[in-house]
Amino acid sequence: ELDLMSRNVDILEILSNKRPMGIIRLSEALKLPIHKVRYSLHLLEREGVIQPSAEGAVVTDRAQLYWQSLDASLDQMSEHIRHLKERASQHRPAPDSGRKGY
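No gaps in the numbering here: position 25 of the sequence shown is 56 in the numbering used here, and each next residue is one more.
What follows is the structure, given as structure tokens:
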């Protein structure tokens, strides 16, 4: 899930900073298989963040909303991870005292 999110961010950053790009050029730029780029483009298009053009994918006006939503989601995830780490640390075994047996 995080890898997919990271890949979507990478693609959106490239498309935001450059002219339209197609799947093959994005795949080469990111050193990713074409099928992964295609899937990310599909997800971003479904969200309305990008749209196809004759020259390749282009960013829409909804990208700003996507960045805001992503930022809020990452804040929530960070808080959730912090809480899980606290719970996990409560179950961490005590340091070995060096004594063996009973």
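Where is the CB? At the ideal position from N, CA and C, for every residue including glycine. Computed from a predicted model, the values in this text were never measured in an experiment.
### Task
Can you grab the Cα-Cα spacing for the pair residue 53 / residue 120, in whole Å?
46 Å
### Task
Pick helix, strand or coil for residue 60, following the three-state DSSP scheme.
helix
### Message
Judging by CA-CA distance, which residue of 89, 109, 117 and 105 is the nearest neighbour of residue 44?
### Response
89
### Message
Give me, in chain order, the residues of the same chain whose beta-carbon lies closer than 8 Å to that of residue 93; leave out the 5 immediate sequence neighbours on both sides.
### Response
78, 79 and 80
### Query
Which residues mark the beginning and the end of the alpha helix (DSSP H) in which residue 68 is found?
65-77
#### Entry: Length of the line joining the Cα atoms of residue 110 and residue 118
13 Å
#### Entry: Backbone CA spacing between residue 113 and residue 55 [nearest angstrom]
39 Å
### Task
Ignore the nearest five residues each way along the sequence and tell me which others in residue 51's own chain have a CB closer than 7 Å to its CB.
84, 86, 87, 88 and 89
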